[in-house]
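Trainee: Sharing a structure below in structure tokens format, with a few things to ask.
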Amino acid sequence: VDQIRAIMDKKANIRNMSVIAHVDHGKSTLTDSLVCKAGIIAGARADETRFTDTRKDEQERCITIKSTAISLFYELSENDLAFIKQSKDGTGFLINLIDSPGHVDFSSEVTAALRVTDGALVVVDCVSGVCVQTETVLRQAIAERIRPVLMMNKMDRALLELQLEPEALFRTFQRIVENVNVIISTYGEGETGPMGNIMIDPVLGTVGFGSGL
Numbered sequence: 298v299d300q301i302r303a304i305m306d307k308k309a310n311i312r313n314m315s316v317i318a319h320v321d322h323g324k325s326t327l328t329d330s331l332v333c334k335a336g337i338i339a340g341a342r343a344d345e346t347r348f349t350d351t352r353k354d355e356q357e358r359c360i361t362i363k364s365t366a367i368s369l370f371y372e373l374s375e376n377d378l379a380f381i382k383q384s385k386d387g388t389g390f391l392i393n394l395i396d397s398p399g400h401v402d403f404s405s406e407v408t409a410a411l412r413v414t415d416g417a418l419v420v421v422d423c424v425s426g427v428c429v430q431t432e433t434v435l436r437q438a439i440a441e442r443i444r445p446v447l448m449m450n451k452m453d454r455a456l457l458e459l460q461l462e463p464e465a466l467f468r469t470f471q472r473i474v475e476n477v478n479v480i481i482s483t484y485g486e487g488e489t490g491p492m493g494n495i496m497i498d499p500v501l502g503t504v505g506f507g508s509g510l
């Protein structure tokens with residue numbers, strides 16, 4: 298708490314992020330893992346807490362209904378700091394995460410979350426791939442001029458359930474990146490737009506791979 302209060306005075310070290318995705322692609326579980334990494338909940342409970350689902354009906358139905366914000370403190374290594382081109386003050390960062398609903402009926406909550414954030418973490422289940430609501434939330438982010446980054450979630454499922462050869466697995470991931478970029482190019486304004494080039498690319502550090510569990 299003291300670290301969060303101290304970093305609030307360093308505006309250059311504050312990042313506001315929305316977590317958006319199709320329903321059941323693992324937004325809340327991934328958020329739980331980040332909350333666990335920040336030391337707020339125990340690691341043993343990271344896969345069952347649903348920390349950002351604060352309402353009783355959200356806990357009962359296991360879906361996010363209302364957008365919920367949480368502040369996390371994270372200290373970067375010198376190697377990671379080298380990738381940050383913007384001005385910064387020290388190695389500690391305050392990350393304000395907003396876990397938003399994935400269900401189509403709560404799209405207004407996604408828009409509200411995007412309007413108060415600097416970037417969008419687009420979570421995609423790497424087994425299911427890009428789904429209908431993935432396109433919807435991406436379109437909403439681009440309409441609000443929010444730069445997206447992609448998180449390919451549930452890598453454990455890809456390895457254990459698909460049991461593909463490495464080359465086939467690579468092509469599966471490549472197809473997801475291409476599908477996301479097709480959506481971005483469809484609704485974006487291109488390199489001449491106010492946001493410039495927002496296409497995602499693992500080489501540029503705008504694609505992450507992992508598992509919420």
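Just so you know, we're using this note's numbering here: the sequence shown kicks off at 298 and counts up by one. Ideal Cβ positions, reconstructed from N, Cα and C, are used throughout, including at glycine. Quick caveat: nothing in here was measured; it's all calculated off a predicted structure.
#1: Return the CA-CA distance between Ser393 and Asp329, expressed in angstroms with no decimal places.
#2: Return yes when the Cβ of Ala438 is within less than 9 Å of the Cβ of Leu411, no when it is not.
#3: Check whether the Cβ of Cys333 sits closer than 8 Å to any heavy atom of the ligand ADP, and report yes or no.
#4: Which residues share a DSSP beta bridge with Leu391?
#5: Nearest to Phe403 by alpha carbon, out of Met452, Thr503, Ile360 and Leu391?
#6: In angstroms with no decimal places, state the Cα-to-Cα distance between Phe370 and Ala303.
#7: Which residues in the same chain have their Cβ closer than 7 Å to the Cβ of Asp498, if we skip the five residues on either side of it in sequence?
#8: DSSP state of Ala379, grouped into three classes?
#9: Does Asn494 come out as helix, strand or coil in the three-state DSSP assignment?
#10: Quick one: is Phe380 buried, meaning 16 or more other Cβ sit within 10 Å of its Cβ, or exposed?
Mentor: In this structure, then:
#1: Correcting the residue type first, residue 393 is Asn in the shown sequence and not Ser. Taking the straight line joining both Cα atoms gives about 14 Å.
#2: yes
#3: Of the ligands one can find in the structure shown there are none, so the ligand ADP has no counterpart to examine.
#4: Ile311 and Phe370
#5: Ile360
#6: 10 Å
#7: Val504
#8: coil
#9: coil
#10: exposed
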